[in-house]
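So the structure is just underneath, and the comments pick up after that.
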DNA sequence: TCCCGTTTGTGAAAGAGATCACAAGAACAT
DNA sequence: ATGTTCTTGTGATCTCTTTCACAAACGGGA
Ligand SMILES: NC(=O)c1ccc[n+]([C@@H]2O[C@H](COP(=O)([O-])OP(=O)(O)OC[C@H]3O[C@@H](n4cnc5c(N)ncnc54)[C@H](O)[C@@H]3O)[C@@H](O)[C@H]2O)c1
Ligand SMILES: NC(=O)c1ccc[n+]([C@@H]2O[C@H](COP(=O)([O-])OP(=O)(O)OC[C@H]3O[C@@H](n4cnc5c(N)ncnc54)[C@H](O)[C@@H]3O)[C@@H](O)[C@H]2O)c1
C-alpha cells in the first residue's frame, strides 16, 4: 500500500490534519465534507478526495468524513502514532524561540535537548531544557534516541552541525540556516528560509497583482 | 514580459540568488556553470538553464554564467532592486527572534515596526525597533508605507492580525501561525509552519527510512 | 583559419500532478 | 419500496513541470 506519494500531497495531508485537530478539539464537529476541508486548507474538494484515496476510503458517501477517525488515520499515515524526540542545535535567538514553543508537545514532538558552542549559553534553562556543550551531543543523541535535529546555528556552522547530528544518529534535519546542507543518502532534510519566502512575496507583488487569475 | 512562472520556479530562483550572493561576496568566483549552481542548490543543470531561460539568456556558451551579472538579473526578476518595508505583528518569542535577525537588512528588507497587544511589551526596544500598540498600527503602516506584514501572533489572533494588516495597506503576509488565513484577492500569503515541516520529515522516516519494510 | 573541448539555450518527449465528471453508495422521507 | 438528495471514490483527461538530447556558440590552441 506504500506507493510513491508526492511531497505536495504529504504537505496537504499535514494541513488536513491540522484542520481536523481544530475541528475535533475546538469546534466539536464530528463530520466534515471534502469541500469543507478543502475550504479551510486552501485546496479543492477533488484534491482532498484524491489525496485521501491513495491510502484507503475513509468517508461515507452522502455524509462526509468522520473527523475523529480521519484524524487518527492521518496520524497513522504520517507516522505520528509514536512520539518523536527532537534536539535543537544552536540556542540563540531562533533556537530559544523554538525551545519555548509550546505546540510541539501537543503535536507529538518532544524537544529533549539543546546544544550550543558558546560557553556562556551552556547551562541555561530554555523552555525546560538545559543547554549542553557540543561535547555531550553524541552521547545525548544516542542515550535519548534523538531522531530529528533542528539546526539553528549560524550559516557558517550549519553544515558542521548537520554533520555532527548525522554522525550522532539523527535521521532527519530541519534546517533554519539559509544554506543547502549536504547529507548522506537516507537522511531527510527540510529547509525553512524566511528570506526565501519574503522574496517569493516580493516576486508576487512586483509582477502586478498576485492572484490576477483571468485578467490578461 | 515573463508570463506564468510557477511558484516552484520562483523558489529555485531565490535559491540560485542565495548561492550567487555567496559566490560573489564570500568565494569571489566570477563565473559559475549551470551544473555548479545546480549542485549547490539541490537541483539539476537542465533545470537551472530552463528556469533562467524563461527570462532571457544570461550565460556564455562554453563558459557559464557571470556571477555578478546573474545575481543582479535575479534581483531584478524577483523585484529586489527596491528595499521592502516590513512590520512584525506579535512581539513574542518568534517575533523577537525575527526582530533581532540581522540578515534581513543585507537581503533588502527593512523591519521598520513591531506591534503587540500586551501592554507590558509595548515600548520595548527589540533589535532597534520599538514595540507599538495596535492602535498605532494603521497610521504607522501608512506613514512608513509598509508592504509586508509578518504575523507572529498566537493562532487565535492570527486572522484578526491579518485583517488589520490588510486594512492598513499590507499587500503581502508572511504567516507564522499554524492556520490558513483568509485574505482578499490581491494579497499574497506565504505560510511557515514548523510543525508541518516536522511532520513531513516523520512521513519520510516512517515510510522510506528505518527498517525498509516493503511488506505488501 | 580550423579544430576541439566545453557549456548554454531550447524544442520535443516523458513524467507528474491536478481537475473533471459521473457512477455508486448512504441516509432519509414518503 | 421507491425516490430524492447529498457526497464519496476514481478512471479519464488535461495541464503543468521536469528531463532529454543536441545544435549553436564560445574560447583557446595550433
Ligand atoms: N533570528 C531569526 O529570526 C532567524 C530567522 C530565520 C533563520 N535564522 C537562522 O537561524 C540561525 C540562527 O540564527 P539566530 O538569529 O538564532 O542567531 P544567534 O546568533 O542568535 O544564535 C546562534 C547560536 O548558535 C550558536 N552556535 C554557533 N556555532 C555553533 C555550533 N557549531 N554548534 C552549536 N551552536 C553554535 C551560537 O553560540 C549562538 O548561540 C542562522 O542560520 C540564521 O540565519 C534566524
Ligand atoms: N515560538 C516558536 O518557536 C514558534 C515557531 C513557529 C511558529 N510559532 C507561531 O508563532 C506565533 C507566536 O508564537 P510565540 O511562540 O512567539 O508566542 P508568544 O506568546 O511568545 O508571542 C505572541 C505575542 O503576540 C502578542 N499578541 C497576542 N494577540 C495579539 C494581537 N491581536 N495583536 C498583536 N499581538 C498580539 C502577545 O502579546 C505575545 O507577545 C504562534 O502562532 C505560534 O504558533 C512560534
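Chains as they are written, first to last, in my numbering: chain A, 1 to 216; chain B, 1001 to 1216.
Don't be surprised by glycine CBs; every beta carbon is placed ideally from N, CA and C.
Quiz item: Counting contacts by CB-CB distance shorter than 8 Å, is residue 66(A) in contact with chain B?
Solution: Looking up residue 66(A) in the first chain gives position 66. No, residue 66(A) lies away from the interface with chain B (no Cβ there is under 8 Å from its Cβ).
Self-check item: Best match in 1202(B), 1165(B) and 1020(B) for proximity to residue 1074(B) [C-alpha to C-alpha]
Solution: Along the second chain, read from residue 1 onward, the residue named residue 1074(B) stands at position 74. Taking only the C-alpha atoms, the option nearest residue 1074(B) is 1020(B).
Practice problem: Would you identify the three-state DSSP class for residue 1016(B), choosing helix, strand or coil? | Solution: To locate residue 1016(B), count along the second chain from 1; it is residue 16. Reduced to three states, the DSSP call for residue 1016(B) is helix.
Exercise. Could you tell me which of 1203(B), 1189(B) and 1195(B) sits nearest to residue 1007(B), measuring between CA atoms?
Key: In the second chain, the residue the question calls residue 1007(B) occupies position 7. The residue among 1203(B), 1189(B) and 1195(B) with its C-alpha nearest the C-alpha of residue 1007(B) is 1189(B).
Exercise. Please find out if some non-hydrogen atom of ligand 2 comes closer than 7 Å to the beta-carbon of residue 21(A).
Key: Working through the first chain from its first residue, we reach residue 21(A) at position 21. Answer for residue 21(A): no, Cβ out of range of ligand 2.
Practice problem: Put residue 1063(B) into one of helix, strand or coil per three-state DSSP. | Solution: Reading the second chain from its first residue, position 63 is the one you call residue 1063(B). In the three-state scheme derived from DSSP, where H, G and I count as helix and E and B as strand, residue 1063(B) is classed as coil.
Quiz item: For residue 1041(B), which residues in chain A fall below 7 Å Cβ to Cβ?
Solution: For the purposes of this step, residue 1041(B) is identified with residue 41 of the second chain, where counting begins at 1. Near residue 1041(B) (Cβ distances below 7 Å), the residues of chain A are 180.
Quiz item: Which runs of the beta strand (DSSP E) spanning at least 3 residues fall entirely within the segment 1122 to 1170 of chain B, listed in chain order?
Solution: The qualifying runs are 1129 to 1133 and 1148 to 1151.
Exercise. Out of 1162(B), 1166(B) and 1055(B), state which residue places its alpha-carbon closest to the alpha-carbon of residue 1175(B).
Key: On the second chain, position 175 is the one that residue 1175(B) refers to. Nearest in C-alpha terms to residue 1175(B), of all of 1162(B), 1166(B) and 1055(B), is 1162(B).
Quiz item: Nearest to residue 34(A) by CA position, among 178(A), 102(A) and 66(A), is which residue?
Solution: Counted from its first residue, the first chain places residue 34(A) at position 34. Here the closest residue by C-alpha is 66(A).
Quiz item: Which of the residues in the segment 157 to 174 of chain A, read from start to end, lie with their CB under 9 Å from any CB of chain B?
Solution: So the list reads 171, 172, 173 and 174, given in the order they occur along the chain.
Self-check item: chain A contact residues for residue 1056(B), given Cβ-Cβ distances below 7 Å
Solution: Residue numbering aside, residue 1056(B) sits at position 56 when the second chain is read from its first letter. Counting only Cβ-Cβ distances below 7 Å, residue 1056(B) has no contacts in chain A at all, with the closest Cβ about 15 Å away.
Quiz item: Going along chain B in order, which residues have a C-beta closer than 8 Å to the C-beta of residue 196(A)?
Solution: Residue 196(A) sits at position 196 when you count from the first residue of the first chain. Around residue 196(A), the beta-carbon contacts reaching into chain B at under 8 Å are 1011, 1014, 1015 and 1018.
Quiz item: What number of angstroms, rounded off, separates the C-alpha of residue 1012(B) from the C-alpha of residue 5(A)?
Solution: Working through the second chain from its first residue, we reach residue 1012(B) at position 12. Working through the first chain from its first residue, we reach residue 5(A) at position 5. Distance between the alpha carbons of residue 1012(B) and residue 5(A): 22 Å.
Practice problem: Go to residue 1049(B), then tell me how far its alpha helix (DSSP H) extends in each direction, as first and last residue. | Solution: The residue labelled residue 1049(B) in the question sits at position 49 within the second chain. According to the DSSP assignment, residue 1049(B) belongs to the alpha helix (DSSP H) that extends over 1045 to 1053.
Quiz item: Using the beta-carbon count (16 or more within 10 Å), is residue 1118(B) buried or exposed?
Solution: Looking up residue 1118(B) in the second chain gives position 118. The residue is exposed, with fewer than 16 neighbouring Cβ atoms inside 10 Å.
Exercise. Counting only the same chain and skipping the five closest in sequence on each side, list residues whose C-beta sits under 6 Å from that of residue 80(A).
Key: Counting from one through the first chain, the residue named residue 80(A) turns up at place 80. Around residue 80(A), the same chain offers 108 as residues with beta carbons nearer than 6 Å, after the five sequence neighbours per side are excluded.
Quiz prompt | Same chain, Cβ closer than 6 Å to residue 215(A), five either side skipped, listed in chain order | solution = One-based indexing of the first chain puts residue 215(A) at position 215. Only weak support is given to the placement of residue 215(A): the predicted model assigns it a pLDDT of 33, under 50, and the question is left unresolved by the model.
Quiz item: Quick one: what's residue 1173(B) bridged to in DSSP?
Solution: Numbered from its first residue, the second chain carries residue 1173(B) at position 173. Under DSSP, residue 1173(B) shares a beta bridge with 1149(B) and 1189(B).
Practice problem: Report back the beta-carbon spacing between residue 217(A) and residue 153(A) to the nearest angstrom; my notes put them in contact at under 8 Å. | Solution: Because chain A in this structure spans residues 1 to 216, residue 217(A) falls outside the shown range and cannot be described.
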